[in-house]
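Have a look at the structure below, then the notes.
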Amino acid sequence: MYSLREGSGVSLLLVLAGLQIAAEGRGTPPCRPGFSEDVYKVVVPEIMEKGHPLFNVRFVDCGRAGLVRFECSNPSDFRIEADGVVYAASTIQRAALGASPLLIKASDGATQQQWVAHVLLSPSSQQVQQVAAPPVVSKDLKEIVFPSRNADSQLKRTKRDWVIPPINVPENSRGPFPQELVRIRSDHDKNRSLRYSVTGPGADQPPTGIFIIEPISGELSVNKPLDREHISNFHLRAHAVDLNGNQVENPIDIVINVIDMNDNRPEFTHQIWNGTVPEGSKPGTFVMTVTSVDKDDPRTANGMLRYKILSQNPESPTSNMYTINNKTGGIITVAAGLDREKVPQYTLIIQATDMEGNPMYGLSNTATAVIRVTDVNDNPPEFTAEMVQQVAAPPVVSKDLKEIVFPSRNADSQLKRTKRDWVIPPINVPENSRGPFPQELVRIRSDHDKNRSLRYSVTGPGADQPPTGIFIIEPISGELSVNKPLDREHISNFHLRAHAVDLNGNQVENPIDIVINVIDMNDNRPEFTHQIWNGTVPEGSKPGTFVMTVTSVDKDDPRTANGMLRYKILSQNPESPTSNMYTINNKTGGIITVAAGLDREKVPQYTLIIQATDMEGNPMYGLSNTATAVIRVTDVNDNPPEFTAEMFFGEVAENRVNVIVANLTVTDKDQPNTPAWNAVYKITGGDPTGRFSVPTDPTTNEGLVTVVKPIDYEISRTYVLTVEAKNEVPLARGIHSPRQSTATVSIRVLDVNESPYFEPNPRLITLDDGTSPDSTLIAFTAQDPDRFMEQSISYSKLSDPANWLRIDPNTGRITTIAILDRESPFVKNSLYNATFMARDNGKPSASGTGVLQIHLRDINDNAPKVFPQETEVCEKPEPNAINITALDGDLNPNAGPFAFELAHRPLDVRRNWTITRVSGDYAQVSLKIGFLESGIYELPIIITDSGNPPMSNTSYLRIKVCQCDMNGDCSDQQHIMAAGLGTGAIISILLCIIILLILVLMFVVWMKRRDKERQAKQLLIDPEDDVRDNILKYDEEGGGEEDQDYDLSQLQQPDTIEPDVIKPVGIRRLDERPLHPEPQYPMRSAAPHPGDIGDFINEGLKAADNDPTAPPYDSLLVFDYEGSGSTAGSLSSLNSSSSGGDQDYDYLNDWGPRFRKLADMYGGSDD
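The sequence shown maps to residues -19 to 1147 in our numbering.
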């Protein structure tokens, strides 16, 4: 059973508390992912059964849970699960594995980082018959055993075994992590394999990943530093199950207490404390209580605070006027003599230290306590004089008062200065006098006061000018007095003028000047120009190194001791390595170092309490004040980077570049993220060809071993690099790089299946043009770079544009399947390219391509042809020469020079034409006769090349004979065709012209029809409209120019429609009485031509102008009275169905489509 002695936690705490002080100020190291060991040594049985667990490896994932994947270098024999447990993948014998170590690789899928651990498998000394070999465990680790079951085999608690003592873990542990705590074990693991796990906050609940358990051995470990101020304890539950997941033991509760370390300074609740104490208080009078808090455990010395007064300012009347309760912080008086009139205020520097005030191990902090001495009635009022005489002559004067006598006049009675009596020495008056007031200074007197009464007065600033009322003079006695306390810092001197007059106001004496100097008193404390001063000093500085200068000012007279300041260091915090690391020039305030041993890694900052005292530093009479000087120790490169391990391991697949092989971690005690901390890595050995580089990770400062050039497994299987780590800046003088600044990196190269390659590529062969099918060309084979893999290669064709070739899949032999033709469009510059692929049978397979270039030698297999094939010539022979040449698909010497010859048939060819050779490639064809009729002639020409043997061909030259102009160009219509307008173009032009004519014709027809429709328009409505259901509006007059679409034929009188009925002249409406004969308006036909409308309107206009009975244009026209005698006849028959039965309306059918509706209504039968 796991047990702890009572009180052991307290003793452990005290030991760790002392150790923690040395590590004060250092940050917690960052979590570094990786295997817990670089090399695992595991004992395994000689025969390992398939599926049985063998051992486990532990990996620190630093919060990457779920992202890290494990792999074994021998997956056929071993397999590894996500929890790090390695199982036998098959039944294997230990002797068959050889001496090579087993490699376990962990890779992060998100960042592509990889880590490798080596596992050395050693056989056990004796055959162990058990389910699984024991995992690698720590022998001295304490165990917690699950309590045994009861007889009824039910999982129940026992009385005492169930109580598990808590596990104490100190906070801020620096690792290494994971750090084993205890081993959880069950008695059932002797006869079967078990799996252990823990649950609860800190394990599988937030914050997750703090505690982990090795599932086979049951070792419970902490994975990162703990912080008691964040979480003071953890409650976990341990479980044990078999390989099938069945619960074997009842879960047990495990409590993990985080042991406090002294990692927090005391913090005052206020930085400045204000208190009061009455003057004259007796010793033991309570003043105030200051408090501070410490985040550390108050039940331990880490949180037990003690208070101390570091300094008192001013130290008057003694330097120990107050004391403080070191536990409660209560401040009381310990000495008498508090006098507000002398010292109105005290400033105390209070220090709080933990570890019960231990100055060696405790952490401390300071605050300021300002104690104001309050006034009590300890000074009775006093009269300024014992007797006041209102009207008296002579007045009561002080006999011992100094006199200032007006200088005497000259004989001429004019007021003039004498040489020496006129110089009046100044009057010195101390400032801040406490009275009584008025306070006599001097007596002003004139020698003329012996024989007559005089009156004295003073003028000037301080008397009758602002500030008025400070100085007064007794007009009879001449006593000059000060009426109130003076302040030298306000006005340092006064210039007055004294006057003497008689009772009539006549000037008796010439005025004299009086200078009153205010004598300085020490009434102002020194004031620092800054309350907090910041300075720096490099670590390792020699004694005498200047740090900074603090200054303070005093309003008192600097020419006196009142303004002469002296500086002193009251305290230094921390007092390490000595309490006197600095000194200050008492006159200038310059701070320098006086001791060696400044180390930023131990003490990064010092706080000095500086005191400035006037009166040349006299502690009894001088006034003082304090300020704080914060000196930050700056970093220098006095700590070289050191590797965390002597050897690092990595692996990389061959031919891969720009991949990270290994992460090199270093530690550097210098200030992070500075040139003295940033590491620079350099490969000093093992890489002569420069295949690796080691850049620095700017975030973690790790060295990233990276492959920059391809690596070939067949050349080198392992690389051993020597890497040196330095900083960006050189080490400080006297510091040398230790052995830990150099590390060895072992990189194992992994063999991968590489692609076969053709050599050379491309491969050029030469063949004759016209090579026949089934011809064997070459064995185009590839080589496999994987020399250590027994693989076969198969071949296939990727690209064969003309489909001329085939390749044997096994041997790579290439044969033809068609005739090779150099004149094929797939042949460029006599070269034909075909691409083939070689593929191995690896898993996965790899392939490579090769290009076979076939150069085809030319043979004379193409007969020449005439060019151009068409030309033209004039009917007359001059000038009628036609230049021709020949085209031959072959190359020289199988092409030109050519032989040209006219064919013998038909017979008229040679009779009409002749051919003349111009050069080896050109000839001229011309008419042999004087005139040849226009037309198209095909001239057969025999052309023979220069091949061996030569090839001939009869080629036809199409010649157009035409009429030519004076320039020798064809001038007939056919010339247009020859010029580029073919038959199709001419047909298209004709079609366009025909379509255009049709469109014009259609437009004309449409216009004619539109005119006819306008002429046929009648006054009546559209025959499709039913007039019986329409509402007609009659009260609308014309619409101006818009209402001009009407037929004037409808305006004529109805009787004009029947020319045989002549209306007698003079028939009018009965309501009118014409005074003149009616004018003769023009008559026109019922359907006038549209062109006659204008003439008709003009004629009607002239008739209306000559009609005296026509109303003017602006007269009132009456339309609502029809009267009788209308020439239009009656329309009543349209509304009568009875009277219209005997009428014949068939004539309406003859009036056109507009009257068809009326014809249907009245012209039809009764039904």
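The beta carbon of each residue, even a glycine, is placed where N, CA and C say it ideally should be.
Outcome for residue i when other beta-carbon atoms lying within 10 angstroms are tallied against a minimum of 16
i: residue 195; result: buried
i: residue 734; result: buried
i: residue 513; result: buried
i: residue 981; result: exposed
i: residue 252; result: exposed
i: residue 682; result: buried
i: residue 784; result: buried
i: residue 30; result: exposed
i: residue 1148; result: Here the chain comprises residues numbered -19 to 1147, so residue 1148 is not present and cannot be evaluated.
i: residue 811; result: exposed
Closest Cα partner of residue i within the set the options
i: residue 749; options: 1080, 807 and 769; result: 807
i: residue 101; options: 185, 160, 14 and 27; result: 27
i: residue 25; options: 745, 697, 72 and 56; result: 72
i: residue 170; options: 151, 819, 181 and 228; result: 228
i: residue 742; options: 691, 832 and 775; result: 832
i: residue 770; options: 588, 965, 822 and 495; result: 822
i: residue 796; options: 810, 805, 814 and 344; result: 814
i: residue 152; options: 199, 457 and 203; result: 203
i: residue 884; options: 876, 877 and 893; result: 893
i: residue 501; options: 536, 801 and 256; result: 536
i: residue 726; options: 538, 632, 32 and 51; result: 632
i: residue 553; options: 622, 765 and 587; result: 587
i: residue 804; options: 934, 1138, 1139 and 869; result: 869
i: residue 666; options: 281, 1085, 685 and 175; result: 685
i: residue 273; options: 303, 213 and 334; result: 334
i: residue 845; options: 922, 515, 325 and 125; result: 922
Run of the alpha helix (DSSP H) containing residue i, from where it starts to where it stops
i: residue 889; result: 887 to 892
i: residue 86; result: Not the alpha helix (DSSP H): residue 86 falls in the beta strand (DSSP E), residues 82 to 88.
i: residue 1078; result: 1073 to 1085
i: residue 1140; result: 1136 to 1142
Cutoff 6 Å; reference residue i; Cβ partners in own chain excluding five residues on either side
i: residue 924; result: 879, 930 and 932
i: residue 643; result: 682
i: residue 1200; result: Residue 1200 cannot be examined here, being either before or after the span of the chain that is shown, -19 to 1147.
Beta-carbon contacts of residue i that lie in its chain and below 8 Å, excluding the five residues immediately before and after
i: residue 654; result: 615
i: residue 318; result: 257, 258, 259, 260, 261, 301 and 353
i: residue 538; result: 544
Neighbour flag for residue i against chain C, beta carbons, 8 Å
i: residue 459; result: Structure shown: chain C not included; a single protein chain is present.
Same chain only: Cβ atoms within 7 Å of residue i, ignoring 5 sequence neighbours per side
i: residue 399; result: Because residue 399 carries a pLDDT of 45, less than 50, the predicted location of this residue cannot be relied on, and the following value inherits that uncertainty. Excluding residues within five positions, none has a Cβ falling inside 7 Å.
i: residue 340; result: none
i: residue 634; result: 691, 692, 693, 729, 730, 731 and 732
i: residue 247; result: 272, 273 and 345
Delimiting residues of the beta strand (DSSP E) encompassing residue i
i: residue 477; result: 473 to 482
i: residue 518; result: 512 to 518
i: residue 716; result: Premise fails: residue 716 is in no beta strand (DSSP E) and is neither H nor E.
i: residue 1150; result: Outside the displayed range of the chain (-19 to 1147) lies residue 1150, so it cannot be described from this structure.
i: residue 942; result: 932 to 942
i: residue 1153; result: Since the first residue shown for the chain is -19 and the last is 1147, residue 1153 is missing from the structure and cannot be characterised.
i: residue 331; result: 325 to 333
i: residue 268; result: 266 to 269
i: residue 185; result: Where residue 185 is concerned, there is no enclosing beta strand (DSSP E), given that its DSSP letter is neither H nor E.
Is the stretch 472 to 487 touching the stretch 510 to 526, taking contact as three or more C-beta pairs under 8 Å? Three or more Cβ pairs closer than 8 Å define a contact, and the stretch 472 to 487 falls short of that threshold against the stretch 510 to 526.
- Query: Are there three or more Cβ pairs, one per stretch, closer than 8 Å when the stretch 325 to 335 is compared with the stretch 287 to 294?
  - Reply: Enough Cβ pairs lie closer than 8 Å, so yes.
Below 8 Å, how does it come out for the stretch 260 to 269 and the stretch 242 to 250: are there three or more Cβ pairs, yes or no? Here the stretch 260 to 269 makes no contact with the stretch 242 to 250; the two share fewer than three CB pairs at distances below 8 Å.
- [ ] Spell out a yes or no on whether the stretch 28 to 40 and the stretch 51 to 71 are touching, meaning 3 or more CB-CB pairs, one atom from each, closer than 8 Å.
- [x] Yes, the stretch 28 to 40 touches the stretch 51 to 71.
*Would you call the stretch 589 to 602 and the stretch 611 to 629 in contact, with 3 or more CB pairs under 8 Å?*
The stretch 589 to 602 vs the stretch 611 to 629: no contact.
Quick one: any contact between the stretch 565 to 583 and the stretch 342 to 354, if contact means 3 or more CB pairs under 8 Å?
The stretch 565 to 583, when compared against the stretch 342 to 354, does not touch it at the 8 Å Cβ threshold.
- Task: Evaluate the contact criterion for the stretch 484 to 495 versus the stretch 529 to 544: three or more CB pairs, one atom per stretch, below 8 Å.
- Result: No: the two stretches stay apart, fewer than three of their Cβ pairs being nearer than 8 Å.
### Meets three-Cβ-pair contact criterion under 8 Å: the stretch 933 to 952 and the stretch 913 to 920
Counting Cβ pairs under 8 Å, three or more are found: they touch.
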